[in-house]
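Asker:
Numbering (our numbering), first residue to last: 205 to 505.
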């Protein structure tokens with residue numbers, strides 16, 4: 205994506221429009237000069253600023269790539285499959301600033317001078333994200349029993365231009381589901397996650413969750429209850445660890461510029477910049493941890 209604008213910011217341009225009297229000078233003189241005078245110079249001429257002051261241009265470039273590969277191993281074990289996923293995103297914005305001087309005048313007054321366009325360019329901002337995952341799925345039903353399992357490992361990397369803006373997470377997860385006659389259900393999920401947003405020594409956390417359900421509407425004693433189509437009693441419990449907290453190297457000590465101090469004597473003084481204590485470090489910062497439980501009754505009539 206590309207966007208251009210005059211070489212002056214829109215705020216300055218609107219400021220000139222509202223400041224300069226409408227009759228202060230012509231937009232252009234009969235000699236082809238941009239209008240301006242000793243009181244209101246040509247750099248107050250809004251048309252000259254948009255057409256003769258050069259331009260600024262923004263370039264936003266994006267790359268998005270995703271790939272998934274899967275393989276069915278039912279020939280080896282019924283219901284077994286493996287997969288891998290890769291995703292890469294790169295978004296960057298580059299900014300060009302160009303300026304140019306121009307001659308202006310009105311009547312016998314001439315100011316400014318024509319010049320060559322000059323400019324520079326810079327990387328304004330950039331975001332890079334990378335995800336990689338690999339896992340195996342197992343889904344099988346035999347008789348009245350059904351089993352589903354997922355074992356996966358995922359790596360996530362995020363980077364913004366600047367300091368202390370690199371984040372990564374790794375997560376290993378095991379999920380198991382068991383059902384008997386679609387009547388009795390149980391689930392167990394185990395997750396081990398690591399995040400560099402947390403303080404050293406507290407970056408890896410274990411999150412287990414368990415749940416169970418009883419579908420009463422499939423029991424024989426509920427078959428004659430006509431006004432209830434579905435009835436399920438369920439309960440779950442788990443520990444959740446989250447790292448949704450700021451990550452600007454908060455466990456590091458910060459120092460900032462302080463007042464100046466003077467070195468020397470007899471009027472031969474040297475001024476030096478001082479330093480002062482800034483943000484204090486946070487120690488033993490851990491993940492946000494919560495123990496959650498839920499009990500409910502689902503019904504459809």
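Just so it is clear, CB atoms sit at the ideal spot from N, CA and C, and this is done for glycine as well.
Can you look up residue 316 in the DSSP assignment and give me helix, strand or coil?
Answerer: Locating residue 316 in the chain shown gives position 112, counting from the first residue. Strand at residue 316.
Asker: How is residue 246 classed by DSSP in three states: helix, strand or coil?
Answerer: Start at 1 with the first residue of the chain shown, and residue 246 comes out as number 42. The answer is helix: DSSP assigns residue 246 an H, G or I state.
Asker: Expressed to the nearest angstrom, what Euclidean distance is found between the alpha-carbon atoms of residue 442 and residue 494?
Answerer: As a working mapping, residue 442 is identified with position 238 in the chain shown. As a working mapping, residue 494 is identified with position 290 in the chain shown. Straight-line Cα distance between these residues: approximately 8 Å.
Asker: Inspect the beta-carbon positions of residue 300 and residue 323 and report whether they are closer than 8 Å.
Answerer: Numbered from its first residue, the chain shown carries residue 300 at position 96. Numbered from its first residue, the chain shown carries residue 323 at position 119. Closer than 8 Å, so yes.
Asker: Leaving out the 5 sequence neighbours to the left and right, which residues in its chain are closer than 6 Å to residue 289 when beta-carbon positions are compared?
Answerer: Mapped onto the chain shown, residue 289 falls at position 85. Correct list, in chain order: 272, 337.
Asker: Would residue 349 and residue 298 qualify as a contact pair, given that the criterion is a beta-carbon distance under 8 Å?
Answerer: Here residue 349 refers to the residue found at position 145 of the chain shown. Here residue 298 refers to the residue found at position 94 of the chain shown. No, the Cβ-Cβ distance between residue 349 and residue 298 is not below 8 Å.
Asker: Cα-Cα, which of 291, 500, 460 is closest to residue 481?
Answerer: Indexing the chain shown from 1 puts residue 481 at position 277. Among 291, 500, 460, the Cα nearest to that of residue 481 belongs to 460.
Asker: My output table needs one value for residue 489: the three-state DSSP class, helix, strand or coil.
Answerer: Position 285 of the chain shown, counted from the first residue, corresponds to residue 489. DSSP places residue 489 in coil when its eight states are reduced to three.
Asker: Is the separation between the beta-carbon of residue 315 and that of residue 245 shorter than 8 Å?
Answerer: Stepping through the chain shown from its first residue, residue 315 is reached at position 111. Stepping through the chain shown from its first residue, residue 245 is reached at position 41. Taking 8 Å as the Cβ cut-off, residue 315 and residue 245 qualify as a contacting pair.
Asker: Judging by CA-CA distance, which residue of 346, 233, 407, 498 is the nearest neighbour of residue 487?
Answerer: For this step, residue 487 is matched to residue 283 along the chain shown. Among 346, 233, 407, 498, the Cα nearest to that of residue 487 is on 407.
Asker: Taking DSSP as the reference, what is the three-state secondary structure of residue 310?
Answerer: Position 106 of the chain shown, counting from 1, holds the residue named residue 310. Strand.
Asker: Let me know the beta strand (DSSP E) ranges lying completely inside the region 389-440, each 3 residues or longer, listed in chain order.
Answerer: Fully enclosed beta strand (DSSP E) runs of 3 or longer: 408-419.
Asker: Since I believe residue 352 is in contact with residue 342 (beta carbons under 8 Å), could you give me their beta-carbon distance rounded to a whole number of angstroms?
Answerer: On the chain shown, residue 342 is found 138 positions in, with the first residue counted as 1. On the chain shown, residue 352 is found 148 positions in, with the first residue counted as 1. Contact flag correct, Cβ pair sits at about 7 Å.
Asker: From the DSSP secondary-structure annotation, give me the bridge partner or partners of residue 443.
Answerer: In the chain shown, residue 443 corresponds to position 239, counting from 1. 495, per the DSSP bridge assignment.
Asker: Do the region 223-237 and the region 248-262 meet, that is, are 3 or more Cβ pairs less than 8 Å apart?
Answerer: The region 223-237 is in contact with the region 248-262.
Asker: Using DSSP with H/G/I as helix, E/B as strand and the rest coil, what is residue 251?
Answerer: One-based indexing of the chain shown puts residue 251 at position 47. Here residue 251 sits in helix by DSSP.
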